[in-house]
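Take the sequence shown: its letter number 76 is residue 76 in the numbering used here, and every next letter is one higher.
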Amino acid sequence: EGLITTSWNGKASAGEVLFSLVFRAKADAQLSELLGASSRITKAEAYKTNGSYQDVALTFSGKASAAASFELYQNTPNPFKGETLIGFNLPADDTVTLTISDVTGKALRLVRLDGVKGYNNVVVNSNTLPAAGVLYYTVETSEYTATKKMVIIE
1 EGLITTSWNG KASAGEVLFS LVFRAKADAQ LSELLGASSR ITKAEAYKTN
51 GSYQDVALTF SGKASAAASF ELYQNTPNPF KGETLIGFNL PADDTVTLTI
101 SDVTGKALRL VRLDGVKGYN NVVVNSNTLP AAGVLYYTVE TSEYTATKKM
151 VIIE
């Protein structure tokens with residue numbers, strides 16, 4: 001109960017919407033705090049036409065979910081094995097760079113995405129990172145930067 005799974009295989013044109021889901025809260029809450037993507041049933045993954053891996057992210061739009069300021073949230077779960085969700089709020093649409101680094105500052109993973117005003121999130125799989133232990137993730141936009149620590153367990 002409360003879970004939706006989907007799978008799609010095929011080519012899509014640039015900018016083509018494959019499907020949309022519409023949710024309405026039954027109580028006073030923000031859907032961005034109640035919904036997330038995970039691999040609990042179906043693996044949360046996407047691949048480009050060249051076969052390269054691409055993260056799956058949820059975006060929310062509408063007045064209730066629009067953030068007044070930039071905020072980077074602690075990844076959940078943390079520590080994690082398998083996958084974790086990194087969420088952040090943007091005060092306006094902006095290009096976002098997510099960088100995952102080791103304790104020496106070496107960038108291990110770089111994800112660029114078009115963020116929307118309000119809540120955004122990115123699912124990160126530990127199998128796409130060459131290290132376990134303490135890592136740092138940084139979300140950077142044209143105006144804001146924030147960093148938090150996460151822990152991968154084996």
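We treat Cβ as the ideally placed atom computed from N, Cα and C, and that holds for glycine.
C-alpha distance - residue i paired with residue j, whole-angstrom precision
i: Thr147; j: Leu35; result: 23 Å
i: Ser39; j: Thr104; result: 30 Å
i: Asp94; j: Asn50; result: 26 Å
i: Phe88; j: Val139; result: 8 Å
i: Gly118; j: Gln74; result: 16 Å
i: Lys11; j: Gln54; result: 15 Å
i: Val111; j: Leu21; result: 24 Å
i: Leu3; j: Val134; result: 31 Å
i: Thr42; j: Ser142; result: 34 Å
i: Asn127; j: Asn78; result: 16 Å
For residue i, the three-state DSSP class (helix, strand or coil)
i: Asn127; result: helix
i: Leu155; result: Absent from the structure is residue 155, since the part of the chain shown begins at 1 and ends at 154.
i: Leu18; result: coil
i: Leu35; result: coil
i: Gly10; result: coil
i: Ile152; result: strand
i: Thr145; result: strand
Proximity below 7 Å, CB of residue i to CB of residue j
i: Val122; j: Ile86; result: yes
i: Tyr136; j: Phe70; result: no
i: Leu108; j: Leu129; result: yes
i: Val124; j: Thr76; result: no
i: Leu113; j: Val96; result: yes
i: Ala131; j: Asp102; result: yes
Beta strand (DSSP E) segment containing residue i, residue limits
i: Glu140; result: Gly133 to Glu140
i: Val116; result: Note, Val116: premise wrong, no beta strand (DSSP E); not H, not E.
Residue i at chain D interface by Cβ criterion, 7 Å
i: Asn127; result: The chain inventory of the structure shown lacks chain D, comprising one protein chain alone.
So within the region 39 to 111, which uninterrupted beta strand (DSSP E) runs reach at least 3 residues, ignoring any that extend past its ends? 83 to 90 and 94 to 101
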